[in-house]
Amino acid sequence: MLNSPEIQTSPTFASIIRLLRWDKPAGRFILMVPALWALFLAAHGTPDAPLVVAIVLGTFATSAAGCAVNDLWDRDIDPQVERTRSRPLASRALTVGTGIVVVFVALCCAAVLALYLNRLSFWLCVAAVPVIICYPLAKRVFPIPQLVLSIAWGFAVLISWTAAAAELATPTWILWGATVLWTLGFDTVYAMSDREDDRRIGINSSALFFGNYAAEAVAIFFLGTAALLTWLGTSMQLHLGFWLSLAAAIVIWTWQYLQLRQEHLTKPYAKIFGQNVWIGFILLAGMITGILI
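Residues in the sequence shown are numbered from 533 upward in steps of one, following the working numbering.
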């Protein structure tokens, strides 16, 4: 029978998928994008296919671990926030023990993939783990916890670049800076949707820190991203495709800022976050064509 419990999706399995955020792939792709930026730039547009697979799978495993760690730390905070109260650990659909097992499995998968990388990349993977584990605590003690997340995102650039080139060079750090500022921008937008709940609970966010100037802060972060990407494109002598993609990104970022400034409109925070995934892929296509064509 179609309604037989034996063939229905396991509630626990479905909850684990939600814990890993695999039901919302935008957040997974937005970590994968800067990793691919670094990989293709460091490999001059033609990275080895197995390395691309390892990096892609590694970002999925790492982001899965990060989401589970976040929800473990915040299991008593999330029920008080409208956007997060239905998360599996917050709603008690999953136990703490299950969450810990999920984190362990995800980190083991990431570790196996890291073994495929060279020594420098492997140790950068190791260095990223404490940042990933401690990021959720930052909102309790640090006024701009999104900066900690941005640094965690930046490790995707360092790991991927060294995986392809076996060294850190000036363009690596330029791309790292662009990634940190870009992440600060889109994650501040994401935090804006939780401002009232965060203020009531007493936890920190960049959206609260910048207050009425949060939209301007986002604009400055995106402007800094564009400036660093301009420097990157010039230093690496990227061709027309890159500059067209960067121009498109700047136009969209400008439009997003104007949306955030329209006080009479319902703020499309989640929509802007999702648009930045597409911006990331547009820039990736521009980087690849800017090297190869």
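We treat Cβ as the ideally placed atom computed from N, Cα and C, and that holds for glycine.
Whether residue i touches residue j by CB criterion (8 Å)
i, j, result
"LEU716", "ASP730", "no"
"ALA695", "ILE814", "no"
"LEU776", "GLY818", "yes"
"LEU707", "LEU764", "yes"
"VAL809", "ALA558", "yes"
"LEU792", "VAL750", "yes"
Best match in the options for proximity to residue i [C-alpha to C-alpha]
i, options, result
"VAL680", "ILE691, ILE664, ALA638", "ILE664"
"LEU755", "HIS771, ASN744, PHE718", "PHE718"
"ARG560", "GLY822, PHE805, GLU614", "PHE805"
"ALA781", "TRP763, ALA747, LEU816, GLY631", "LEU816"
"TRP685", "SER738, ALA660, PRO703", "ALA660"
"GLU748", "MET724, ASN736, ALA558", "MET724"
"GLY812", "MET564, THR544, ASP555", "MET564"
"THR627", "LEU604, THR757, GLY598", "LEU604"
"ALA646", "VAL585, ARG607, VAL809", "VAL585"
"VAL637", "PHE674, TYR667, SER623, GLY598", "GLY598"
"ASN602", "THR591, THR616, LEU589, HIS576", "THR616"
"CYS640", "PHE592, PHE774, ILE676", "PHE592"
"TRP655", "ALA698, ASP555, ALA802, THR766", "ALA698"
"THR720", "ILE676, ALA581, ALA758, GLY773", "ILE676"
"SER682", "GLY629, TRP714, ALA567", "TRP714"
"PHE572", "THR704, VAL644, PRO557", "THR704"
"GLN769", "TYR648, HIS576, THR544", "HIS576"
"PRO543", "LEU568, PRO611, ALA625, TRP569", "ALA625"
"VAL635", "ALA600, ARG619, ALA701, TRP554", "ALA600"
Boundaries (first-last residue) of the alpha helix (DSSP H) holding residue i
i, result
"TYR801", "801-824"
"ALA558", "558-574"
"THR616", "Looking at the DSSP string, THR616 is not in any alpha helix (DSSP H), and its letter there is neither H nor E."
"LEU652", "651-673"
"LEU755", "746-767"
"ASP603", "581-605"
Spatial neighbours of residue i in its chain, beta-carbon cut-off 6 Å, leaving aside the 5 residues before and after
i, result
"GLY709", "LEU760"
"VAL737", "What sits at residue 737 in the sequence shown is Ser, not Val. Answer for SER737: ALA723, ASP730, listed in chain order."
"LEU621", "ASP603, ARG607, GLY631"
"PHE545", "none"
8 Å Cβ shell around residue i - same chain, five flanking residues per side excluded
i, result
"GLN807", "ILE784, GLN788"
"HIS771", "THR821, GLY822, ILE823, ILE825"
"ALA642", "GLY590, ALA593, THR594, ALA597, CYS657"
"ALA758", "LEU778, ALA781, ILE782, TRP785"
Min CB distance residue i to chain C below 8 Å
i, result
"GLU748", "Although the question refers to chain C, the structure presented lacks it and comprises just one protein chain."
Other residues of its chain near residue i: CB distance less than 7 Å, five sequence neighbours each side excluded
i, result
"ILE735", "ILE609, LYS671, ARG672"
Cβ contact check for the stretch 685-697 and the stretch 545-552: 3 or more pairs under 8 Å: Because the criterion of three Cβ pairs below 8 Å is not met, the stretch 685-697 and the stretch 545-552 do not touch.
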